[in-house]
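Only one structure is covered here, and it is reproduced in the block below.
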Amino acid sequence: MFKNVTKVDLLAVLHEIGETASENLKVVELRDILLKSREYAKDKDFIADFLATTVAQRKEEEELDRLRLTQQIESNNTTHSVENIQYLDKLLKAVQTLSIPVPKKDETWNLFFDSIERAFKHKNVQEIYKSEILLKLIGEKAANILVYIDENDLKDYDKIKALIIKEYEPSPFVCLDNFKKTKKLAGETHQQFVSRLRSGWLHYCKICKVNDFDSLVNLIISDKIFETLDNEISAHIAVRQGENWLQPNELAKECDIYFIAKGRSFEEIKHEKRSVYRESVYENTKYIPPPLRKPQYTNDNKYASKIR
């Protein structure tokens, strides 16, 4: 029922059946609202068919927009002189060489735009060519943003960039989780790894609107508090803070209110998962190099010393 369903589809269906839902909600939350609605309880098959029709209509509109974009780009190309077309092709190849490939994962879009803008600066690309180069680079992904952009804005690089980021950029929580899971890639130097880590962390600070030391301290404290929460309360806090993040005092207040409302004790402590076996067996064991270790006593070798 929910295959290939996007946030736009769910919002459209909820609006038609008289349910109120915020655009800031995630797809999972919108799906839950739909499943709990009165109309769905009355006629599940009708809602399923209505949702499928909405998805099909949205895909048709995206395909038409993609064709419209292709025609627009081709029309723009015909207005260029032969020299301009050759110049644009050279710029496109140069920028494509100097920038990283179009991201397949949401968390790498900031790296993509950093690299493409460095390439623009290095090649002194004029503003009028930036949007066209960007649209050519992202290819079929352009169809997803055409729904939200006017034809007059097709030449505005900043607006196209903002729409791409809005469409594909992960939430702050996902961004932080991706940063923590970042690993050094094969063939990547340690300096390149440091640069990638730095770019990822700065992007996380940017989407959290952290611009000074005090706000950075508060962000780190809030993240640390959030890590200590169990699944139940962390899900509650995630809904409360939405796309933003709560300051430490606000976060602590929300946690205390939740504990009191649920009748939970403040004596609860979240313990880290630790291996009791490893601690009990190896904690006080002295390391002995392999050449100096004695052979293990087994049934096969218990008479070996007598035979020798």
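Under the numbering used here, read the sequence shown as residues 465 to 772, first letter to last. Cβ coordinates follow ideal geometry from the N, Cα and C atoms, glycine included.
Counted within 10 angstroms of its Cβ, other Cβ atoms place ALA583 as buried (16 or more) or exposed: buried
Whether LEU680 touches CYS672 by CB criterion (7 angstroms): no
Same chain only: Cβ atoms within 7 angstroms of PHE643, ignoring 5 sequence neighbours per side: GLY664, TRP665 and TYR668
C-beta atoms of LEU499 and LEU474 nearer than 7 angstroms: no
Rounded Cβ spacing between ILE609 and GLU631 (contact assumed at less than 8 angstroms): 6 angstroms
Minimum length 4: unbroken alpha helix (DSSP H) runs contained in the region 476-559: 491-499, 502-506 and 508-543
Alpha-carbon spacing of ILE721 relative to ASP676, whole angstroms: 29 angstroms
For LYS471 and LEU693, the rounded distance between their alpha carbons: 28 angstroms
Reference VAL559; option with closest CA among SER595, THR646 and GLU524: SER595
Beta carbon of GLU718 nearer than 7 angstroms to that of ARG704: yes
First and last residue of the uninterrupted alpha helix (DSSP H) at GLN711: Neither: GLN711 is in no alpha helix (DSSP H) and is coded neither H nor E.
With 16 other Cβ atoms within 10 Å as the buried cut-off, status of VAL658: exposed
Residue environment, PRO565, which counts as buried when at least 16 other CB atoms sit within 10 Å: exposed
Cβ shell of ILE624 (< 8 angstroms), same chain only, five flanking positions each side left out: SER595, LEU598, LEU599, ILE609, ILE613, ASP617 and LEU618
Three-state secondary structure assigned by DSSP to PHE677: helix
Beta-carbon gap between THR518 and ALA476 smaller than 7 angstroms: yes
Span separating the alpha-carbon of LEU710 from that of ASP641: 17 angstroms
Length-filtered (4 minimum) alpha helix (DSSP H) runs lying within the region 580-666: 591-602, 621-632 and 636-645
Euclidean distance between Cα positions of ILE602 and VAL492: 27 angstroms
Collapsed DSSP secondary structure at GLU696 in the structure displayed: helix
Contact check, ILE580 vs SER563, beta carbons under 7 angstroms: yes
Other residues of its chain near LEU649: CB distance less than 7 angstroms, five sequence neighbours each side excluded: none
Simplified DSSP state of THR470, which is helix, strand or coil: coil
Sequence-distant residues of the same chain with beta carbon closer than 8 angstroms to LEU627, five excluded per side: ILE609, TYR612 and ILE613
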